[in-house]
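Read the structure below first, then the notes.
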Amino acid sequence: MNVRPNMLTPSPITSTAVQDVLSHCKSLSHIKQLHAHILRTVSDHNLNTFLFNLSSSSSSISLNYSLSLFSSIPSPPEPFLFNLLLRNLSRSAEPRATILFYQRIRHAGGRLDRFSFTPILKAASKVSALFEGMELHGLALKTAALSDPFVKTAVLDMYACCGRIVEARKAFDEMPQRDVVTWNTMIERYCRCGLLDEAFKLFEEMKCSNVMPDEMILCNIVSACARTGDTRYNRAVYDFLKENDVRMDAHLLTALVTMYAGAGCMDIAREFHTKMSVRSLFVSTAMVSGFSKAGRLEDARDIFDQTGKKDLVCWTTMISAYAESDHPEEALRVFEEMCRYGTEPDEIAMGSVVSACANLGVLENAKWVHELTHRNGFESSLTVNNALINMYAKCGGLDAARDVFEKMPTRNVVSWSSMINAFSMHGEANDALTLFARMKQENVEPNDVTFVGVLYGCSHSGLVEEGKKIFASMSDEYNVTPKLEHYGCMVDLFGRANRLQEALEVIESMPMAPNVVIWGSLMSACRVHGELELGEFAARRILELEPDHDGALVLMSNIYAREHRWDDVRKVRRGMEEKNVFKEKGVSRIDLNGKSHEFLIGDKRHTESDEIYAKLKEVVSELKLAGCVPDGGSVLVDV
DNA sequence: TTAGGGTTAG
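One point on numbering: in our numbering, the residue at position 13 of the first sequence is 56, and numbering is uninterrupted.
This is the structure we're talking about:
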């Protein structure tokens, strides 16, 4: 770089030349050379231009150099000289430097003008410097800069960012006039600290005050609506946008798509999604997630396939979509594809793969995925290990689940609950209770999920008294309010133990309305114990809630059949056929030497079907000899 | 020679 046209008599360079040369300065020594040249030409004007241009740069070298220049100026500088520097310091990675510089100006007896306040206040907001912010507020009041709406909005924002939302609102209320930016600042800050109702109230007030909301404000309102999870707001927003013909930019569309996708309104989400000219990965991932939650896997896959460069979150969304909707094989395929494309899984991605394997229910696959987690370095990951416990439990690998649990370096309440649930699922209620006691010894607070596991174990193993005690301890000892599923466990506990009256009492004493599952539990208990009258009562309650409930309809027709009310039987059966209601069939699956064998009721598809039925006959006759008589009551008409 | 507001996925 050569900024010296003549070594002996340097001539002054023009402002544009200063700007141009400065833009080519790559290091501190370049800047110093230029500075030296300007000093030798003794031009105040050029020095100011030099300062301006230094201050307008975003590089920290230039900003630091202009700071050092200011400290060498003997008399207090005029605001027009440093306002640009304040602005760029406040936007830099070190906003605190703005406040330090401001303090130096004050110390040197310099004054601020209305343009100086906003960047310093902004810096105070960024670093939560409430004390300095308040000082500036006072100073603005004294110098009448506060009459400037920009300064007032910055003061408001400073209070809100420093956690003083009440003071922010006070500043807002004191403003004689508010434009759309002021309204938005206040609304956005309310949203940020979770005061959504206040934000909505203010939005309504704003509309009454004849200020038209713009896309930024609507963006905030939409995101607030999404956060409430209250779908009534969604419709209101939609109508407002349609009625007012609002212009929509990418931010607003993003907020809209994520809100509607999150709420499961996928057709509206798609409407906005197609309006986007550039679709960010965020938005596409939100669409994939929304479609998969709405059970529309093919639509989810379409969006996923249309998405160009995918990141880990996007891949994971698709993997869990398949894992959670009974397509575990597809989940594993997508995972393998992701790895082929060179995306390394993290804990969450790995957890989704593990839960896909859990739903596959095949122990061989479970072992394979377990190895995979080790190969990827997740041996000590809490979430992955928790998922492994659940996976092994669902795949019949109780010992493997226990092994994972015992080897975990750290455990949380999820780990304990998962292991307790694993024991309960396998009918090992005593082990579940022992583990529950150990959990207590190790001072891990149980949560509602833990109690579902413990109570489930008790009900399946007939530990009625133990179950009663534990249920009572929930609120007495642990401050966990029983939910619907806990009452369900209690109904099941009494029902299985043929204490049907007590089961009914649980239902009657519940603080919430019993659902189909609760009545269903009572109904099956009645069927098993031949309590037809109470069973019919439960079945009727179910049919009130869900007229096509297969189990209740089958039970009703069986009851009528026992009583030889054949007309009623035919009526129920015909109704079921007309409405295409079929008893959902339970599937049994056995994995043998890496092969999975599936059986339905009356199923003859298996290649060794004849041998299997012959063996079954043998077993049943041995059972009869041992005094066990199969109950044909519930298959009277069903078969 | 300058100024105040935004969204978002597993």
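All C-beta atoms, glycine included, are put in the ideal place defined by N, C-alpha and C.
Predicted model, so just to flag it, every value in this text is computed and none were measured.
Whole-number beta carbon distance between residue j and residue i, since they are thought to touch under 8 Å
i	j	result
PHE144	LEU124	The Cβ separation is near 12 Å, so there is no contact.
GLU528	VAL495	5 Å
ASN428	MET451	5 Å
MET302	PHE334	Incorrect: roughly 15 Å between the Cβ atoms, too far for contact.
ILE104	ILE74	7 Å
PRO122	PHE158	7 Å
ALA312	ALA304	4 Å
MET22	ALA582	Outside the shown range of the chain, which is 44 to 682, sits residue 22, and nothing can be said about it.
TYR276	CYS268	4 Å
LEU403	ALA364	So it is not a contact: roughly 15 Å between Cβ atoms.
VAL223	PRO256	7 Å
PRO525	SER516	PRO525 to SER516, Cβ: 11 Å. No contact.
LEU565	LEU547	7 Å
Beta bridge counterpart(s) of residue i as assigned by DSSP
i	result
HIS640	ILE633
Beta-carbon proximity check, residue i vs residue j, cutoff 7 Å
i	j	result
ASP292	GLU258	yes
PHE215	MET229	yes
THR426	GLU390	yes
VAL194	ALA183	yes
LEU498	CYS532	yes
SER461	GLY500	no
LEU164	MET201	yes
LEU375	ALA399	yes
SER332	ALA366	no
SER652	PHE642	no
LEU536	GLY510	yes
ASN263	CYS236	no
THR588	VAL559	The residue you asked about is not Thr; residue 588 is Leu in the sequence shown. Result yes, Cβ atoms of LEU588 and VAL559 sit closer than 7 Å.
ALA465	ALA444	yes
LEU261	LEU296	no
VAL377	VAL397	no
VAL356	THR328	yes
ASN408	PRO388	no
Chain-order list of residues whose beta-carbon lies under 8 Å from that of residue i (same chain, five-residue window excluded)
i	result
ARG584	PRO557, TRP562
LEU575	CYS569, ILE602, ARG605
Assigned exposure category for residue i - 16 Cβ within 10 Å defines buried
i	result
TRP459	buried
ASN45	In this predicted model, ASN45 has a pLDDT of only 45, less than 50, meaning its place in the structure is not dependable enough to derive any value.
TRP358	buried
VAL662	exposed
VAL346	For clarity, residue 346 is Ile in the given sequence; the question names Val instead. Per the 10 Å Cβ criterion, buried.
LEU65	buried
GLU621	exposed
ASP156	exposed
ALA136	exposed
HIS279	Reading off the sequence shown, one finds Ala at residue 279, where the question assumed His. With fewer than 16 Cβ atoms within 10 Å of its Cβ, ALA279 is classed as exposed.
TYR108	buried
TYR530	buried
ILE362	buried
LYS667	exposed
ARG212	buried
ASP63	exposed
LEU127	buried
ARG232	buried
CYS251	exposed
LYS285	exposed
GLY645	exposed
LEU476	buried
MET50	Any reading at MET50 must be qualified, since the residue scores a pLDDT of 46, below 50, and its modelled position is unreliable; no value is offered.
LEU659	exposed
Own chain, CB closer than 7 Å to residue i, minus 5 neighbours either side, in chain order
i	result
THR274	ALA306
PHE160	LEU179, ALA183, ALA188, VAL194, ALA197
ASP611	TYR603
ASN455	LEU425
PHE479	ILE463, VAL497
Residues near residue i in its chain [Cβ-Cβ closer than 6 Å; skip 5 each side]
i	result
THR416	MET393, VAL427
ALA401	ASN433, MET434, LYS437
LEU596	VAL615, MET619
VAL170	PRO138, ARG139
ARG481	none
SER111	none
SER266	ALA298
ALA669	none
Any non-hydrogen atom of the ligand FAD closer than 6 Å to residue i Cβ
i	result
HIS67	The model depicted lacks the ligand FAD and carries no ligand whatsoever.
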